[in-house]
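Numbering (my numbering), first residue to last: -16 to 93.
The C-beta atom is built at its ideal place from N, Cα and C for all residues, glycine as well.
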C-alpha cells in the first residue's frame, strides 16, 4: 500500500492461490496494482498439481483467478511451458482466453 501511495506502478507476480482472500481483494481494490501476473502450470488439476508438486494447487489457482476476475482486477496469466506440460500449452492459453484474461506463454523453462 505504501508503494501505491507513493505513486509507484505495481506489478505483482503470484501463484494466485491467495487472491480469493477478502483482505487482499480489498487491498487491491483500494490500492489497485497496474497488473496482477499469475503463473499457470497446467490445463488440468492433474498436470498442474504434478508440475507444482502440490496437491490442491490447481484448485487454489482457480479459486484465486475466479475471485480476482470477479473483483475486476487487472490480470495477466503467464503460461509456464516446460517439457512436462508442453502438450498442454495451447489448452492453457485457450483457458485463459475463455476467462478473458490476457496471457503470455513462457517457453524453454526447466
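For residue j and residue i, the rounded distance between their alpha carbons
i, j, result
"residue 79", "residue 53", "14 angstroms"
"residue 86", "residue 35", "19 angstroms"
"residue 12", "residue 56", "8 angstroms"
"residue 18", "residue 38", "27 angstroms"
"residue 81", "residue 74", "10 angstroms"
"residue 42", "residue 10", "23 angstroms"
"residue 90", "residue -8", "27 angstroms"
Assumed close pair residue i, residue j - CB separation to whole angstroms, cut-off 8 angstroms
i, j, result
"residue 8", "residue 76", "The pair is not a contact, with the Cβ atoms about 26 angstroms apart (cut-off 8 angstroms)."
"residue -5", "residue 16", "5 angstroms"
"residue -2", "residue 30", "Actually they do not touch by this definition, with Cβ atoms about 15 angstroms apart."
"residue 25", "residue 66", "About 13 angstroms separates the two Cβ atoms, so there is no contact after all."
"residue 0", "residue 61", "So it is not a contact: roughly 15 angstroms between Cβ atoms."
Contact under 7 angstroms by Cβ, residue i with residue j
i, j, result
"residue 20", "residue 45", "no"
Pick out the complete beta strand (DSSP E) segments inside the stretch 45 to 85, 3 residues or longer, and give them in chain order. 58 to 63
Report the residue ranges of all alpha helix (DSSP H) runs contained in full by the stretch -7 to 19; include only those spanning at least 4 residues, in chain order. 5 to 13
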